[in-house]
Amino acid sequence: MGMSFANLHIRKTADLHISDLTEMLKQEMHDKGYVSLDRDEDSDICVLLYHAADSQWIAIASDSFQFSNAEDTRAAAEPYAARFGTDVIAAACFDSDYLMLHLLNSADKNDGWINVGDNYGMPFPRRTSL
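Counted the way my numbering counts, the sequence shown spans residues 7 to 136.
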């Protein structure tokens, strides 16, 4: 068995404040029915927001992210791209056999993705002939 993950990466901008991102993430989790707990051993999922001062990106990792198709990645990434007007990458790896990266930016209308490998017959379909 290989590595599997699904996470989001948000490009930092001068207008993006970590406190705003944190509040948006908390609201999203609340809307999905989750509540913050004082003790992590009582939790059903974990959400991690990581930002380093020397990086241009902020990472969000969570057990709650599941990207099975392009609609899943868009649903997860688009709210952040729209709210902060920046690049957001939804990244997923399934059992080290399939890697998918989906880039969205609502401000400049970028919407592209790449995939490598096979997710048991579920690769993202090609949208253009390029």
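Glycine included, every Cβ here is placed at the ideal spot set by N, Cα and C.
Item: Return the first residue and the last residue of the alpha helix (DSSP H) that Leu31 is part of.; Value: Ile24 to Asp37
Item: Using the C-alpha atoms, what's the distance from Gly123 back to His23?; Value: 36 Å
Item: Should the segment 79-87 be regarded as contacting the segment 47-59, the criterion being three or more beta carbon pairs within less than 8 Å?; Value: no
Item: Please state whether DSSP places Tyr137 in a helix, a strand or coil.; Value: This structure cannot speak to residue 137, because the chain is shown only from 7 to 136.
Item: Excluding five sequence neighbours on each side, which residues of the same chain lie with their C-beta closer than 8 Å to the C-beta of Ser112?; Value: Glu84, Ala87, Ala88 and Gly91
Item: Which residues bound the alpha helix (DSSP H) around Phe11?; Value: Where Phe11 is concerned, there is no enclosing alpha helix (DSSP H), although the beta strand (DSSP E) it sits in stretches over Phe11 to Arg17.
Item: Taking three-plus beta-carbon pairs below 8 Å as touching, is the segment 97-110 in contact with the segment 23-37?; Value: no
Item: How many Å lie between Ser68 and Leu110 at the Cα?; Value: 19 Å
Item: Less than 8 Å between the C-beta atoms of Lys18 and Ile66, yes or no?; Value: no
Item: Measuring alpha carbon to alpha carbon, tell me which of Asp93, Phe100, Asp37 and Ala12 ends up nearest Gln173.; Value: A question about residue 173 goes unanswered here, because the residues of the chain that appear run from 7 up to 136.
Item: For Cys52, count neighbouring Cβ atoms within 10 angstroms of its own Cβ and tell me buried if that reaches 16, exposed if not.; Value: exposed
Item: For Ile95, count neighbouring C-beta atoms within 10 Å of its own C-beta (all shown protein chains included) and say buried if the count is 16 or more, exposed if not.; Value: buried
Item: In terms of residue numbering, what span does the beta strand (DSSP E) encompassing Asp117 cover?; Value: Asn116 to Gly123
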